[in-house]
Amino acid sequence: VFSPGVEHLKTLSREGEGPGETRSPVDLTMLPDGNLGILQRFPGMIVKIDLEGAPLGNITMGEASEGGFHSLYTGRCKGENFMMVGQYATMGDNMQTRTWFASRYDAAGNELVKLWERSCVIDFSRPVIRELEILDPAMFASTPGPDGRVYIAPHHDDYAISVYSPEGGLVRVIEREFEPRRRSDLETGRVLAVFDVWAGRNPAGLESEVEGMAAAISNLYVDDDNRLWVENSRSGETGPDEAFLTFDVFDADGRFQRQVALVCEGDPLDDRLFWTRDDMVVLVKGAVPAMYASMAGGAADNEEEAELDEMEVVCYRIPR
926 VFSPGVEHLK TLSREGEGPG ETRSPVDLTM LPDGNLGILQ RFPGMIVKID
976 LEGAPLGNIT MGEASEGGFH SLYTGRCKGE NFMMVGQYAT MGDNMQTRTW
1026 FASRYDAAGN ELVKLWERSC VIDFSRPVIR ELEILDPAMF ASTPGPDGRV
1076 YIAPHHDDYA ISVYSPEGGL VRVIEREFEP RRRSDLETGR VLAVFDVWAG
1126 RNPAGLESEV EGMAAAISNL YVDDDNRLWV ENSRSGETGP DEAFLTFDVF
1176 DADGRFQRQV ALVCEGDPLD DRLFWTRDDM VVLVKGAVPA MYASMAGGAA
1226 DNEEEAELDE MEVVCYRIPR
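Position one of the sequence shown corresponds to residue 926 (my numbering), numbered consecutively onward.
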């Protein structure tokens, strides 16, 4: 925790198995009750702490079926509207069914409504690591709104955002004409490096299937006026030369309004922007290679591993 003057004030939580501790955390979010939730990927649960770091217990995702498991990947909260993206798996005869889901929850972690889900079958007789089975687009592009709605971009190649009501009904799909962007060698290499590590853990080895195009939608945010801000795969190459990213902005009824360029220092291939509130964003330099490195040990090359030691966090205020 840092002060506005960049003074280090304290550290909340740590690695471990005790109260308020976690292993391999993947996300951090404010909860509807004003406390902090640390998402642990596996086994999927939320470690709750207050703003002073005191443990408040854990929220588990229920008991997995025999041979199955639950995982969590993303947690977002806007006011009282709390949603998460995760995955649960069930075993079959020489196969495993993995189901991605996005749901709304109350402050105690009880599921209020399942909004969306997608299943895939892993055939152990022909094991293949497929990107869209491991890294679903909804992991990166889903967000709650202040009125209880939830926005999810579930398709890798399509500029399409599904808007769900608080009760779980599909309200609309927001779409724009969009030409997908081919991935750079760096982007493809990062994904393949992770898969190569995973494949190396299997004595028989595994094939890999990686998408040639970058995901059309890479980030979503809804402000207090229910305007939707969309980061797409071309956000880093449109707008003025000095822009870091350009967002598409839609009104509360899903109509396109304008594009807004955020001017700051950074490289969209390496750095990531996080919305903390309507008038503030946080730029984490080196966040992208760090994310891939965290997925599997040794996923980053030597040059990127060196850069991870030089990560920076920069706060920017958004004019209102």
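Think of the CB as a built atom: it goes at the ideal place given N, C-alpha and C, for glycine as much as any other residue.
Helix, strand or coil, according to DSSP, for residue i in the structure here?
{"i": "residue 931", "result": "coil"}
{"i": "residue 1117", "result": "helix"}
{"i": "residue 1037", "result": "strand"}
{"i": "residue 991", "result": "Caution is warranted here: a pLDDT of 49 is assigned to residue 991, below 50, making its placement in the model unreliable, and no coordinate value can be reported."}
{"i": "residue 1288", "result": "Residue 1288 is absent from the model: the chain starts at 926 and stops at 1245."}
{"i": "residue 1186", "result": "strand"}
{"i": "residue 1014", "result": "strand"}
{"i": "residue 923", "result": "In the structure as shown, the chain starts at 926 and stops at 1245, and residue 923 therefore has no counterpart that could be examined."}
{"i": "residue 1220", "result": "helix"}
{"i": "residue 961", "result": "strand"}
{"i": "residue 1243", "result": "coil"}
{"i": "residue 1110", "result": "helix"}
{"i": "residue 869", "result": "Outside the shown range of the chain, which is 926 to 1245, sits residue 869, and nothing can be said about it."}
{"i": "residue 1227", "result": "With a pLDDT of 48 at residue 1227, under the threshold of 50, the predicted position of this residue should be treated as unreliable, and no value is reported."}
{"i": "residue 937", "result": "coil"}
{"i": "residue 1058", "result": "helix"}
For a quick check, are the C-beta atoms of residue i and residue j less than 8 Å apart?
{"i": "residue 1124", "j": "residue 1054", "result": "yes"}
{"i": "residue 1158", "j": "residue 1141", "result": "yes"}
{"i": "residue 1079", "j": "residue 1043", "result": "yes"}
{"i": "residue 1247", "j": "residue 997", "result": "Nothing about residue 1247 can be read from this structure; the chain reaches only from 926 to 1245."}
{"i": "residue 1147", "j": "residue 1076", "result": "yes"}
{"i": "residue 1003", "j": "residue 1069", "result": "yes"}
{"i": "residue 925", "j": "residue 1208", "result": "Residue 925 falls outside the range modelled here, since the chain spans only 926 to 1245, and no answer is possible."}
{"i": "residue 1152", "j": "residue 1174", "result": "yes"}
{"i": "residue 1143", "j": "residue 1199", "result": "no"}
{"i": "residue 972", "j": "residue 960", "result": "no"}
{"i": "residue 1030", "j": "residue 1040", "result": "no"}
{"i": "residue 1172", "j": "residue 1154", "result": "yes"}
Could you say which of the options lies nearest to residue i if we only look at CA atoms?
{"i": "residue 1220", "options": "1003, 934 and 949", "result": "949"}
{"i": "residue 1111", "options": "1030, 1194, 1143 and 1169", "result": "1194"}
{"i": "residue 1115", "options": "1135, 1104, 1106 and 1103", "result": "1135"}
{"i": "residue 1139", "options": "1161, 1106 and 1153", "result": "1106"}
{"i": "residue 904", "options": "1012, 930, 954 and 1023", "result": "The chain is shown from 926 up to 1245; residue 904 falls before or after that span and cannot be answered."}
{"i": "residue 1011", "options": "1018, 1213 and 1024", "result": "1024"}
{"i": "residue 1008", "options": "994, 1086, 1035 and 982", "result": "1035"}
{"i": "residue 1108", "options": "1161, 1030 and 1169", "result": "1161"}
{"i": "residue 1117", "options": "982, 963 and 1217", "result": "1217"}
{"i": "residue 1033", "options": "995, 985 and 1051", "result": "985"}
{"i": "residue 1084", "options": "1093, 939 and 1104", "result": "1104"}
{"i": "residue 1201", "options": "1241, 1190 and 1163", "result": "1241"}
{"i": "residue 1149", "options": "1132, 1122, 1133 and 1203", "result": "1203"}
{"i": "residue 1245", "options": "1206, 1214 and 1235", "result": "1206"}
{"i": "residue 1190", "options": "1167, 1102 and 1120", "result": "1167"}
{"i": "residue 1113", "options": "1087, 1154, 1214 and 1163", "result": "1214"}
{"i": "residue 1165", "options": "1184, 930, 1133 and 1243", "result": "1184"}
{"i": "residue 1051", "options": "1133, 957 and 1235", "result": "1133"}
{"i": "residue 957", "options": "951, 967, 974 and 941", "result": "974"}
If you drop the 5 nearest sequence neighbours on each side, which residues of the same chain put their C-beta closer than 6 Å to that of residue i?
{"i": "residue 928", "result": "934"}
{"i": "residue 1237", "result": "1210"}
{"i": "residue 1014", "result": "993, 994, 1021 and 1023"}
{"i": "residue 969", "result": "986, 995, 996, 997 and 1011"}
Please work out which residues of its chain come closer than 8 Å, Cβ to Cβ, to residue i, disregarding the five sequence neighbours upstream and downstream, and give them in chain order.
{"i": "residue 1081", "result": "1057, 1062, 1136, 1138, 1140 and 1141"}
{"i": "residue 991", "result": "Residue placement at residue 991 cannot be trusted, given a pLDDT of 49 that sits under 50; the coordinates are not used to answer."}
{"i": "residue 1067", "result": "999, 1001, 1008, 1010, 1027, 1075, 1076, 1077, 1078 and 1145"}
For residue i, I'd like the list of residues in its chain whose CB is within less than 7 Å of its CB, leaving aside the five on either flank, ordered along the chain.
{"i": "residue 1020", "result": "1046, 1047, 1048 and 1049"}
Exercise for the section: Decide if the stretch 975-989 is in contact with the stretch 935-945; the criterion is three or more beta carbon pairs, one per stretch, under 8 Å apart. Expected result: yes
Problem - Three or more C-beta pairs below 8 Å linking the stretch 1168-1183 and the stretch 1088-1104 - result: yes
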